[in-house]
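Note sheet for the following structure.
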Amino acid sequence: MIEINSSFSTGATTPVAEAVAARLRSAGFAESSIHIAGASPKKQNIVVRYRGTGARKPILLLAHTDVVEARRDDWSMDPFKLNERAGFFYGRGTTDDKAQAALWIANLIRYKQEAFRPDRDIIVALTADEEGGGPYNGVDWLIKNRRDLIEAEFCLNEGGWGEMADGKRLSNDVQVSEKYVINFRLEVRNKGGHSSMPVPDNAIYRLAAALGRVAAFSFPLKTNEITRAYFAEMGKIEKGAIANDLEQVAQGSEDAMRRVAAASPAWNATLRTTCVATQLEGGHAPNALPQLAAATVNCRVLPEDSVEYVRDALKKAIADDQVNLTIPQTLSRGPSSPMRPDVLGAVSKVTDSLWPGVRVVPIMVMGATDGRALRMAGIPTYGVQGVFLDRNDMRMHGRDERLSMQSFYEAQTFLYELVKALAKSPE
Ligand SMILES: [Zn+2]
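Going by the numbering used here, the letters in the sequence shown line up with residues 342 to 768, in that order.
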């Protein structure tokens, strides 16, 4: 998988799907259980179904086969060769997300060899276009066009991994929720004129003042079911005064929320909707009064905050009706997955058996995965990988992406046991 270039603009996922299909066929999977499908010939997905007794609704195991671009010159080795060095697998996609894709398939083959009979179908879908921004060929395409192939009670996906610091395993994170994105465009228009005769009403000054007010504005700090559970667990993992604050955040203390938000940009982003200016444009000549000044304000919104709420709050903060606020992009707000005790309980049990003392932490992430599309389609999705990454050395999307070989093989055992626990009838 690593050695097939499946990056968004220069590569293709279809050869990955075909290689996986060949592997499954040689392991004895029937042709009727393997589906290669998609909108574009280069960006096909593969879906394979492992039959159970049908007593319960299937579970879906998802991973994406496309990767972020990687240039040979930017890396210290060929990003599309699987290199093994000093206990690490190197290559584009080793962490994001070909490890999980490979593990789902390897485990499915192992279940077959062991004649495992689950009480529900196990569906593995390896999909295109998670990274590329053109979301129509991957999981979205399957949801719209081949929902029958992936219909499931819930889904396991990327998006949650184990956190490690100084070689010590701290937590096994499960992604149950994602923030969503709204890009606002702020625009001020003036009639313009010659810059030798300035007037007080200036589009650039007006926009700059509005952005200053956006910078000074913060959304209120708050928690929800998931972030309360997250902070409660973090309180048990961290040490010292901050540990106490984290536990108090979980209990709703606003003072503690202020201290915790100030301590870390990630915790701040977990505790509130954030908006930040990311792009600017304005003016058309050095010697003309600007007729247009515009900015993009990128908001990362808590699932419980509505678009209207965020827009109204920004409008109120800007307090200038000459600043026109629009939302140029369509956006998709997805619900959180419920904190299912069967799923989280199984994750805890398997985590505890493999890594005693490592805590399972439910997380809401600031980025986006295919989990959002599935949650919107009514399939609750949990990001869980059992792969441990050094939290101070995260290389996904970056140079010399790598995964510890030990972590890879432990994740294989973890996912093998987890799926077995979720697909076996309760005794
Ligand atoms: Zn990914």
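Using N, Cα and C, we set each Cβ at its ideal position, and we do this for glycine too.
These figures come from a predicted structure and were not determined experimentally.
Those residues, in chain order, that have a beta-carbon closer than 6 Å to some heavy atom of ligand 1
His405, Asp437, Asp438, Glu471, Glu499
Specify whether the region 563 to 580 and the region 690 to 705 touch according to this definition: at least 3 beta carbon pairs, one from each stretch, less than 8 Å apart.
yes
Element boundaries [alpha helix (DSSP H), containing Gly724]:
Unbroken run through Gly724 is the beta strand (DSSP E), 722 to 724; no alpha helix (DSSP H).
Pro679 versus Lys520 - alpha carbon distance
15 Å
Reduced DSSP category for Gly503 - H, G, I as helix; E, B as strand; rest coil
strand
Which word fits Gln285, buried or exposed, when buried means at least 16 other C-beta atoms lie within 10 angstroms of its C-beta?
Because the chain in this structure spans residues 342 to 768, residue 285 falls outside the shown range and cannot be described.
By Cβ distance, which residues of its chain are closer than 6 Å to Gly624, with the 5 residues on each side in sequence left out?
Pro631
Go through the region 653 to 708 residue by residue and report every complete run of the alpha helix (DSSP H) that reaches 4 residues or more, in order.
682 to 695
Counting only the same chain and skipping the five closest in sequence on each side, list residues whose C-beta sits under 8 Å from that of Pro644.
Ser518, Glu519, Lys520, Tyr521, Asn565, Arg674, Gly675, Pro676, Ser677, Met705
Buried or exposed (CB count within 10 angstroms, at least 16 for buried), Glu504:
buried
For Val617, is the classification buried or exposed, using 16 other Cβ atoms within 10 angstroms of its Cβ as the cut-off for buried?
exposed
Minimum C-alpha distance to Asp481 - residue among Thr722, Phe729, Tyr750, Arg713
Arg713
Just to confirm the assignment, what range does the alpha helix (DSSP H) spanning Tyr477 have?
Note, Tyr477: premise wrong, no alpha helix (DSSP H); not H, not E.
So the candidates are Leu449, Glu344, Gln385; which of them puts its Cα closest to the Cα of Phe430?
Glu344
So, under 8 Å CB-CB, Ile463 and Ile400 are touching, yes? Tell me the CB distance rounded to an integer number of Å.
6 Å
Do the region 727 to 737 and the region 534 to 547 meet, that is, are 3 or more Cβ pairs less than 8 Å apart?
no
Please report the distance separating the alpha-carbon of Gln589 from that of Ala597.
6 Å
Determine, using beta carbons only, whether Ala440 and Phe749 come nearer to each other than 8 Å.
yes
Determine, using beta carbons only, whether Glu622 and Ala610 come nearer to each other than 8 Å.
no
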